[in-house]
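Residue numbers (this note's numbering): 7 to 232.
See structure below.
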Amino acid sequence: MAIEDYYNILAKHYDSIYKNKYMRVVEKKIIESEIDKEDFVLDIGCGTGEQLKIISNAVGLDISIEMAKIAYNKTKKFIVVANAEFLPFKNNTFDAVISFFGALNHSNIYRTVKEVRRVLKKGGLFIFTVANLYDIQWIFKNICNIRKIKKAMKKRRGEIVKIINGKKIKVKTRFYTLNELEKILKENNFEIKYSFGIYDLPFDVIFYKTPIKVFAKYIGFVAKKV
7 MAIEDYYNIL AKHYDSIYKN KYMRVVEKKI IESEIDKEDF VLDIGCGTGE
57 QLKIISNAVG LDISIEMAKI AYNKTKKFIV VANAEFLPFK NNTFDAVISF
107 FGALNHSNIY RTVKEVRRVL KKGGLFIFTV ANLYDIQWIF KNICNIRKIK
157 KAMKKRRGEI VKIINGKKIK VKTRFYTLNE LEKILKENNF EIKYSFGIYD
207 LPFDVIFYKT PIKVFAKYIG FVAKKV
């Protein structure tokens, strides 16, 4: 199934599915510490607009028109329906680009990072997360079945099965490691400020920069265009 079709179906259920109160604590802390109020920000994969609510000067972008409608109704901010691999903006437009949670797992990340660099101003920040290949919570859930883990690890490099309203849907998804992301950023001339992890657990805000981030549910970077 095409990614936009999947998220069009998911849109009306999205906020109820992803309502974990801990999942946005680190995200909010990083946005507030790294982004100034006057910065012009692009939110890639803005979904239903949760990040846009805490940024004063921002544009949202999502591949799903249904997600975009919800984001606009929530925030009244300008929302663009487009693919992150082909950003419809001029060079050197934004002070910061953000993308939290799963949006970049569905795109060609090499193409997307090049596009992010193009639309960022010099010195601009790229702040993002992706779903982690080595998510320890997922591994523990399946620890008794090593064969299943090995098989699933391969699938997490291609297509995975999502279930919506009892229906199984195959979705193109690529999970990453911190080392892979660091390599991609450096190849595109980004200077890494720091990496972090989000676990969707109460201790996130304490441990998000510690070495155990390698096993977080989501892994991410704050990087600067140089």
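Every residue, glycine too, gets a C-beta built ideally from N, C-alpha and C.
Since the model is a prediction, treat every value here as computed from it, not as a measurement.
Neighbour-count burial assignment, residue i, 16 or more Cβ in a 10 Å radius
i           : result
residue 216 : exposed
residue 22  : exposed
residue 98  : exposed
residue 72  : buried
residue 92  : exposed
residue 103 : buried
residue 119 : buried
residue 56  : buried
residue 117 : exposed
residue 62  : exposed
Beta-carbon spacing of residue i, residue j below 7 Å
i           : j           : result
residue 204 : residue 65  : no
residue 100 : residue 48  : yes
residue 126 : residue 40  : no
residue 20  : residue 177 : no
residue 213 : residue 140 : no
residue 202 : residue 219 : yes
Minimum Cβ-Cβ distance from residue i to chain C less than 7 Å
i          : result
residue 46 : Considering every chain present, this structure includes no chain C. It has just one protein chain.
Coarse secondary structure for residue i, derived from DSSP in three states
i           : result
residue 224 : strand
residue 103 : strand
residue 139 : coil
residue 60  : helix
residue 68  : strand
residue 191 : helix
residue 78  : helix
Through-space distance from residue j to residue i, alpha-carbon basis
i           : j           : result
residue 194 : residue 121 : 10 Å
residue 54  : residue 147 : 29 Å
residue 10  : residue 128 : 31 Å
residue 144 : residue 224 : 11 Å
residue 199 : residue 60  : 22 Å
residue 248 : residue 18  : The requested residue 248 is not part of the displayed model; the chain covers only 7 to 232.
residue 234 : residue 80  : For residue 234 there is no data in the structure shown, the boundaries of the chain being 7 and 232.
residue 206 : residue 226 : 14 Å
residue 44  : residue 87  : 24 Å
residue 69  : residue 111 : 13 Å
residue 74  : residue 67  : 8 Å
Cβ separation of residue i and residue j, assumed to be a contact under 8 Å, to the nearest whole Å
i           : j           : result
residue 28  : residue 208 : 6 Å
residue 181 : residue 135 : Not really, about 12 Å apart at Cβ, beyond 8 Å.
residue 191 : residue 229 : 5 Å
residue 232 : residue 197 : 5 Å
residue 142 : residue 36  : The pair is not a contact, with the Cβ atoms about 21 Å apart (cut-off 8 Å).
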